[in-house]
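Enquirer: For the protein sequence lines, the chains are A and B, in the order given. Each residue of the first sequence is one higher than the one before, starting from 11 at the first, in the working numbering. Each residue of the second sequence is one higher than the one before, starting from 11 at the first, in the working numbering. One structure follows; several queries about it will come next.
Protein chains: 2
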Amino acid sequence: MTAGAFFNSRWVDAPSGTIERDPAVLAEGFRAGGVGCGLKSGGTLDLGIIRCDASEVSSAVMLTDNAAAAAPIWVCRDELDRDSIAGVVVNSGNANAATGPDGLDAAREVRATAAEALGLPERSVAIAQTGVIGVPLDTELVTAAIPALAGGITVEGGVPFSEAILTTDDGPKRCSVTCDGVTVSGQAKGAGMIQPGFATMLCFVQTDAVIEEPDAVLRAAVDPSFARISVDGQSSTNDTVVLQASGRSGRPLPEGLLEAVMLQLALMVVADGEGATRICRVDVTGASSPSEAESVARAIGNSPLVKTALLGRDPNWGRIVQAAGAALPGEDLGHIGSESIDAADLADGGQEAGLAIDLERGEHSDHLYFCDLTNEYIAINSEYTT
Amino acid sequence: MTAGAFFNSRWVDAPSGTIERDPAVLAEGFRAGGVGCGLKSGGTLDLGIIRCDASEVSSAVMLTDNAAAAAPIWVCRDELDRDSIAGVVVNSGNANAATGPDGLDAAREVRATAAEALGLPERSVAIAQTGVIGVPLDTELVTAAIPALAGGITVEGGVPFSEAILTTDDGPKRCSVTCDGVTVSGQAKGAGMIQPGFATMLCFVQTDAVIEEPDAVLRAAVDPSFARISVDGQSSTNDTVVLQASGRSGRPLPEGLLEAVMLQLALMVVADGEGATRICRVDVTGASSPSEAESVARAIGNSPLVKTALLGRDPNWGRIVQAAGAALPGEDLGHIGSESIDAADLADGGQEAGLAIDLERGEHSDHLYFCDLTNEYIAINSEYTT
């Protein structure tokens, strides 16, 4: 138990009575593990597996809508029983994206090998892959490592699994929390190429709660979390979020628990955005429609001028007006002035800065979490090669 | 005459026989000048005026569609005879944007003062302003300097005028070129906050050609030039392009001359993008519609991952696929692979790199010119304060 280590954002409200546990310990009914199969050098962990041992698992998955979606996305879209995902196999070090028919075959082969090793039907195993785009996957390396990995998964496998899924992340994003007799464990990765259409990056959540409508539950938790973050406005070819429920606790999800876990994981992804030093929540109010509120929030959060102002601690509200105005071409925001904007936190706030703009056009609102744009982002991305 | 000094891009085709002249010399029928009025410190030029002395001037103007458009934009939109602009007054050092009703009054007062000093009706004088957003304009400084400036404009005023309109630009962008007895002179400024809805930044072009339909002529020249560049995907509150024709040559515009001038000026704006070290033209072919081609071109040119690959000389075609796919959510670009993309120039090209992607979905195409994203962009924008 490591109280306070996981929920550390002022923007996250965990249900009262929530206890943080060792993140290695998965929700009841789950086992996991991670190994280095050789996609990354030096034995770095790069292959992970999760298995749900419950006879009836309830699950949901959300996938990127990028038109250049990777091979594993196509397998999960078309060849997966999305409501009963018992197994998950993930590799880092290669995204298997833009790899054509051979890539699709490779994803199927990895998934089939994992299914066999786990004693599960192929259609109940999800696959996710992350890393460099456009390079053929060395399928042999992956499939050779799967049997031993699958044979060695444990109920305390959350730590190696969370490390096996990382790419340019500074560190793992993981938790195991308990409330009202229900445990939720989760592991995520992110860093760059992050702006969800709905979600972003990879995130896996396990719970022993009983979940009747996993799709609706997952969507409701993703909408205010992974769907509301941006590192660089780029949506990945491989974004995947998987929720699995074993039902072993015999109880329903405590209200707000899954939302809190996913928001904290999402904020960890933003905070660990490539080169990020600060994160910011922008609140847009007074919009004339929900889509207007969202587009203004995204325009502000993805503006390189706002992101560099966040870095430079400059309460430059003119750039915020410019970004808002650019999101509404042909409209009139001429009434917006300094009194419509609270940008003080840009200068004075700490690691988590708040920013607000009132469009004074209606009753709708939205928000987005984003990070600053730094020299480190440029160094990482101008030196990271194909 | 400084042959070859202006037209220096491989992407610009000037009509044969075009001669480059001293950029100070305006097209016949025009006078201009620039002074330092005190908006910038140390006597730096920050106020410019152009006057057409022809009895019948033909003109057109294009303005930003940013919803938070600046006060001078509103004056030009609503209170200007756009087809007969004889005078232009421009200041740098203050954008007069997000300044509310007082800002609108300030813009009107500056414009009225210029009109009086030039002996022109107010409605035939355009106003443009650029610089910091959200700071009240010191109108007094500007109006006090106008009479002497207006009294001192000359036919060789292109140089001081082109310098008076700059902000974070590294240097002026200006020309005076002659072909088939027609002269076109032009002055532009840019640097950051640059992605045109249609145009970007400030650009002023004077010609002694006879132009019957100035709106159509301007639009046709802006569409492949200022509407096809991006520095940072940000559209300004103040973008303005003004074309004025004195008709003094008695001849029509030589085919391609205005387009060549505006494209070269636009490329100079990209090349002088904040922190830019290289520029790139991305060509998108095989799109299923014109808007699809444009959105893919913009997604690629504005992707921070592609822009850092341009900096890092990394032919990272995976990032190009990712950006293209993100522009077409829910579509299928699964057939796109390395053979669909020519990214060799990213690594091997010089100052002007070419990049091409064939979407293999249809017959439409588009292109965009953009620059790389560098530490210098971040330094400029995290240190430039309100």
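Ideal placement from N, C-alpha and C gives every residue a C-beta, glycine not left out.
#1: For the alpha helix (DSSP H) holding A:Ala70, just list the boundary residues, first then last.
#2: Which runs of the alpha helix (DSSP H) at least 4 residues long sit entirely within the segment 135-202 of chain A? Give them in chain order.
#3: Between B:Gln197, B:Ala309, B:Arg229, B:Arg261, which has its C-alpha nearest B:Ser240's C-alpha?
#4: With 16 other CB atoms within 10 Å as the buried threshold, where does B:Ile351 fall?
#5: Taking only beta-carbon positions, decide if A:Arg143 is within less than 8 Å of chain B.
#6: Quick one, which of B:Gly141, B:Arg238, B:Val100, B:Ala34 has its alpha-carbon nearest B:Val280's?
#7: Taking DSSP as the reference, what is the three-state secondary structure of A:Asp368?
#8: Can you pull the chain B residues whose beta carbon is under 9 Å from the beta carbon of A:Leu49, in chain order?
#9: Name, please, each residue of chain A whose Cβ falls closer than 7 Å to the Cβ of B:Thr384.
#10: Can you tell me the Cα-Cα spacing of B:Ser172 and B:Val45, whole angstroms?
#11: Residues of the segment 333-347 of chain B with a CB closer than 8 Å to any CB of chain A: list them in chain order, please.
#12: Does the Cβ of B:His345 have 16 or more other Cβ atoms within 10 Å, making it buried, or fewer, making it exposed?
#13: For B:Glu373, is the classification buried or exposed, using 16 other Cβ atoms within 10 angstroms of its Cβ as the cut-off for buried?
#14: For my contact list, B:Arg288 and B:Cys213 are in at a C-beta cut-off of 8 Å; report their separation, rounded to the angstrom.
#15: Check whether chain A comes within 8 Å of B:Ala78, counting only Cβ atoms and requiring the distance to be less than that.
#16: Thinking C-beta only, is A:Val120 closer than 8 Å to A:Ile137?
#17: By the criterion of Cβ-Cβ separation under 7 Å, what are the contact partners of A:Leu73 in chain B?
#18: Identify which residue in B:Gly181, B:Ala307, B:Ala286, B:Leu114 has its Cα closest to the Cα of B:Met294.
#19: Return the residue from the list A:Ile83, A:Asp91, A:Ser375 that minimises the CA-CA distance to A:Pro224.
#20: Note the first and the last residue of the continuous alpha helix (DSSP H) segment covering B:Asp225.
#21: B:Thr393 CB to nearest chain A CB: under 8 Å?
#22: From this set, A:Leu343, A:Ser348, A:Leu273, which residue's C-alpha is nearest A:Tyr379's C-alpha?
#23: Spell out whether any CB of chain B is found under 8 Å from the CB atom of A:Trp84.
#24: Within its chain, find whatever has a CB closer than 8 Å to the CB of B:Val71; leave out the 5 residues flanking it on each side and keep chain order.
#25: According to the Cβ coordinates, are A:Asn248 and B:Thr318 closer than 8 Å?
#26: Closer than 7 Å by beta-carbon distance: list the chain B residues that pair up with A:Trp327, in chain order.
#27: What residues from chain B crowd round A:Leu90, counting only those whose CB sits closer than 7 Å?
#28: Classify A:Ala22 as helix, strand or coil using the three-state DSSP reduction.
#29: Could you say if the segment 24-36 of chain A and the segment 137-153 of chain A meet the contact criterion of at least three C-beta pairs nearer than 8 Å?
#30: Strictly below 7 Å CB to CB, what residues from chain A border B:Thr188?
#31: Check whether the Cβ atoms of B:Gly257 and B:Ser134 sit closer than 8 Å, and answer yes or no.
#32: Can you name the residues of chain A whose CB is closer than 8 Å to the CB of B:Leu321?
#33: Are the C-beta atoms of B:Gly110 and some chain A residue less than 8 Å apart?
#34: Taking the alpha-carbon positions, what's the A:Asp32 to A:Ser186 distance?
#35: Can you name, in chain order, every residue of its own chain whose Cβ lies under 6 Å from the Cβ of B:Leu128, other than the five neighbours on each side?
#36: Got a sec: is the Cβ-Cβ distance from B:Val331 to anything in chain A below 8 Å?
Expert: Based on what the coordinates show:
#1: Run containing A:Ala70: none in the alpha helix (DSSP H); it sits in the beta strand (DSSP E), 68-73.
#2: 149-161, 168-174
#3: B:Ala309
#4: buried
#5: Rather than Arg, the amino acid found at residue 143 of chain A in this sequence is Ile. So yes, A:Ile143 belongs to the interface.
#6: B:Arg238
#7: strand
#8: Residues of chain B passing the Cβ test: none, with the nearest at roughly 16 Å.
#9: Ile388
#10: 11 Å
#11: Ala333, Ala334, Gly335, Ala336, Ala337, Leu338, Pro339, Gly340, Glu341, Asp342, Leu343, Gly344, His345, Ile346, Gly347
#12: exposed
#13: exposed
#14: Not really, about 23 Å apart at Cβ, beyond 8 Å.
#15: yes
#16: yes
#17: Within 7 Å Cβ-Cβ: nothing; A:Leu73 doesn't reach chain B, min ~11 Å.
#18: Correcting the residue type first, residue 294 of chain B is Val in the shown sequence and not Met. It is B:Ala307.
#19: A:Asp91
#20: 224-232
#21: As written in the sequence, residue 393 of chain B is Glu, which differs from the Thr given in the question. Judged by the 8 Å Cβ criterion, B:Glu393 is in contact with chain A.
#22: A:Leu273
#23: yes
#24: Cys86, Leu90, Arg92, Ile95, Ala136, Leu228, Thr250, Val251, Val252, Leu253
#25: no
#26: Gly144
#27: Ordered by position in chain B, no residue passes the 7 Å Cβ test against A:Leu90, which lies about 17 Å from the chain.
#28: The residue asked about is misnamed: residue 22 of chain A is Val in this sequence, not Ala. Three-state result, A:Val22: coil.
#29: no
#30: Under the 7 Å cutoff, chain A gives no residues; its nearest Cβ is about 37 Å from B:Thr188.
#31: no
#32: Ile388, Ser392
#33: yes
#34: 6 Å
#35: Arg61, Gly97, Ala160
#36: yes
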